[in-house]
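What follows is a short report on a single structure.
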Amino acid sequence: MTRTREPLISLALYHAFKWSVVSPMLHTYFRIKIYGVENVPQTGPLLVVSNHASYFDPPIVSSCVRRPVAYMAKEELFKVPVLAQAIKLYGAYPVSRGSADRTAIRSALECLDNGWAVGVFLEGTRTPDGRITDPKRGAALLAAKAKVPFLPVSLWGTDKILHPGSSLPRSVPLTVRIGKLIDAPSSTNKQELETLTQKCASVINEMHDLGR
């Protein structure tokens, strides 16, 4: 049976980390603007799809939608005992880099069944300007299998947080726009998945083009 909320301990850790670290940094250092928070359901499984231009994107998305968002993380991190427990509580699930990892798909579906919002970058990798040009169908397949809606999110400005070769984040203005829910696919039909994937990409790019 599908649960309606993330585990209580995960919710507690999420809010502690958000309000003590992430939110203060976003509002003071990055002067973030957030639009569309009213579009986010606070209970029930959800597939959060977004563009991707920075390593900082996962905590930014999770903070702005005001609920934990589970993202895949490289499997090596799950071999570090203390770290493994911590990132699991925050909803991370392992993926084997460079392979079509069915275990990661099963883990994402399990997160959704446990009431999590699961985050997927629609292009599967970072893009230099934050726009989506080659969206992948993986998110749509997850949504179809789990029968959960998409929540489109646009991140603007995160491509400028880090200069190439630098590890120090720059104080740049960020804008996050959250779109309205898009219904789950009715089947795993390839054409339907492709159509909904392109729809998600178009909505995100349109929000991104609005700029600051």
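FYI, the numbering for the sequence shown is 1 to 212, going by UniProt numbering.
Glycine residues also receive a C-beta, built at the ideal position from the N, C-alpha and C atoms.
Discussion item. Suppose you measure from the CA of Glu75 to the CA of Lys33; what does that come to, to the nearest Å?
Written reply: On the sequence shown, residue 75 is found 75 positions in, with the first residue counted as 1. On the sequence shown, residue 33 is found 33 positions in, with the first residue counted as 1. Their backbone Cα atoms lie some 33 Å apart in a straight line.
Worksheet entry | C-alpha distance - Asp134 paired with Asn51, whole-angstrom precision | Position 134 of the sequence shown, counting from 1, holds the residue named residue 134. Position 51 of the sequence shown, counting from 1, holds the residue named residue 51. Near 11 Å, if we compare the C-alpha coordinates of Asn51 and Asp134.
Worksheet item: Assuming Ser63 and Ser23 make a contact with CB atoms under 8 Å, what is their CB distance in whole Å?
Response: Translated into the one-based positions of the sequence shown, residue 63 becomes position 63. Translated into the one-based positions of the sequence shown, residue 23 becomes position 23. About 6 Å separates the two Cβ atoms, so the contact holds.
Discussion item. Going by DSSP, what residue range makes up the beta strand (DSSP E) through Arg177?
Written reply: Walking along the sequence shown from the start, residue 177 turns up at place 177. From DSSP, the beta strand (DSSP E) with Arg177 extends over 175-178.
Fill in: C-beta contact flag for Ala184 and Lys147 at 8 Å
Indexing the sequence shown from 1 puts residue 184 at position 184. Indexing the sequence shown from 1 puts residue 147 at position 147. If you check the CB distance, Ala184 and Lys147 come in under 8 Å.
Item to complete: State buried or exposed for residue 224, treating a residue as buried only when at least 16 other CB atoms are found within 10 Å of its CB.
Response: Since the first residue of the chain shown is 1 and the last is 212, residue 224 is not available in this structure.
Discussion item. Between Met25, Glu6, Ala16, Lys18, which has its C-alpha nearest Thr43's C-alpha?
Written reply: Here residue 43 refers to the residue found at position 43 of the sequence shown. Between Thr43 and the set Met25, Glu6, Ala16, Lys18, the nearest pair of CA atoms involves Glu6.
Worksheet item: Would Tyr90 be called buried (16 or more neighbouring beta carbons within 10 Å of its own) or exposed?
Response: Position 90 of the sequence shown, counted from the first residue, corresponds to residue 90. It counts as buried.
Worksheet item: Comparing alpha-carbon positions, which option in Arg102, Ala144, Asn205, Leu174 lies nearest Asn189?
Response: The residue labelled residue 189 in the question sits at position 189 within the sequence shown. If we check each option's Cα against that of Asn189, Ala144 comes out closest.
Worksheet item: Among Pro128, Phe17, Leu13, which one has its Cα closest to the Cα of Gly157?
Response: Residue mapping note: residue 157 aligns to position 157 of the sequence shown, counting from 1. That would be Pro128, whose Cα lies nearest to the Cα of Gly157.
Worksheet item: Out of Pro94, Gly138, Ile178, Pro173, which has the shortest C-alpha to C-alpha gap to Thr197?
Response: Against the sequence shown, residue 197 aligns to sequence position 197. When only C-alpha atoms are compared, the closest one is Gly138.
Discussion item. To the nearest angstrom, how far is the alpha carbon of Met207 from that of Ala92?
Written reply: By 1-based counting over the sequence shown, the position of residue 207 is 207. By 1-based counting over the sequence shown, the position of residue 92 is 92. C-alpha separation (whole angstroms): 27 Å.
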